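Here is the structure we will look at, set down as structure tokens.
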Amino acid sequence: MTYCIYLTHPNVYIDPATPVPHWDLSDKGRERLEQGLRQPWLLEIDHVIASREKKAIETGQIIANHLGIELITAPGLHENDRSSTGFLEPDEFETVADEFFCRPAVSVRGWERALDAQSRVVDAIKKALTTIPSGEPVLFSGHGGVGTLLKCHLANNAIDRAFDQPANVGGGCWFRFDPADLEACKADIESLKWQLIDEMELAT
């Protein structure tokens with residue numbers, strides 16, 4: 499049976515003068531990914547599909563190179579659109595992000611609505627999987643915000659930041675999911691627990 503891994507990009511260089519979608523992975527992020535290449539499940543992956551944001555592409559490329567496969571990029575996998583505000587200082591960002599998750603039907607300060615971002619990323623994953631032969635595991639290289647929205651959809655849970663990746667680790671978190679739950683929405687939310695890419699845990 500095909501399964502999917504959703505991986506968020508790890509640590510980035512924060513550059514307020516550069517649009518967030520163009521940020522690069524930091525040395526720390528690359529180091530954590532290199533450690534993550536020892537994950538025992540990684541050798542099962544047949545396809546790596548990345549968001550078209552630079553940091554997600556860099557994440558996916560490191561993994562694809564390690565596996566000797568081609569990196570695919572796909573539209574619609576990007577992080578929630580925050581271009582209306584651009585870079586926000588950490589404390590302000592966390593406040594706005596809290597409201598983004600708490601009020602999913604509202605455009606908070608011009609950000610893409612959580613409901614719209616959720617629908618977009620779910621549809622993008624569904625479309626990407628139509629190009630993959632049945633039974634071949636896929637890793638998606640993406641982002642924490644839309645990854646959390648994806649989790650909530652898979653488990654038919656209300657959007658809630660309680661299901662976000664752990665704070666203060668710099669991203670680089672993953673969970674495994676059954677693509678059938680893109681339609682069935684019957685996943686156990688506990689089975690979608692975020693795990694750190696640089697900590698050796700089996701995908702179960």
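All residue numbers for the sequence shown refer to my numbering, where the first residue is 499 and numbers rise by one. Backbone N, C-alpha and C define an ideal beta-carbon position, used for all residues, glycine too. These numbers come from a predicted model, not from an experiment.
- As the crow flies, the alpha-carbon of Leu-652 is around 8 Å from that of Glu-681.
- Scanning its chain for C-beta atoms nearer than 8 Å, with the 5 sequence neighbours on each side dropped, one finds around Arg-536 the residues Met-698, in chain order.
- Its chain contains no residue whose beta carbon lies nearer than 7 Å to that of Glu-592 once the 5 sequence neighbours on both sides are disregarded.
- According to the DSSP assignment, Ala-622 belongs to the alpha helix (DSSP H) that extends over 612 to 627.
- Under the three-state reduction of DSSP output, Ile-547 falls in the strand class.
- Here the C-alpha atom of Ala-615 lies approximately 9 Å from the C-alpha atom of Pro-602.
- In this model, Val-604 and Ala-612 are separated by some 8 Å (Cα to Cα).
- Taking a cut-off of 8 Å on C-beta distances, the segment 508 to 523 touches the segment 549 to 567, as three or more cross pairs fall below it.
- Per DSSP, Phe-638 lies in no alpha helix (DSSP H); the unbroken beta strand (DSSP E) holding it starts and ends at 636 to 640.
- Within the same chain, and ignoring the five residues on either side of Asn-509 in sequence, the residues whose Cβ sits closer than 6 Å to its Cβ are Ser-524, Lys-526, Gly-527, Gly-668.
- Here Gln-663 carries a coil assignment [DSSP, helix/strand/coil].
- Taking the Cα of Ala-665 as reference, the smallest distance to any Cα among Asp-696, Trp-692, Ser-639 is reached at Trp-692.
- Contact between Ile-630 and His-545 holds: their C-beta atoms lie close to 6 Å from each other, under 8 Å.
- In the DSSP annotation of this structure, the continuous segment of the beta strand (DSSP E) that includes Phe-675 starts and ends at 671 to 675.
- Between Gly-643 and Asn-578, the C-beta spacing is below 7 Å.
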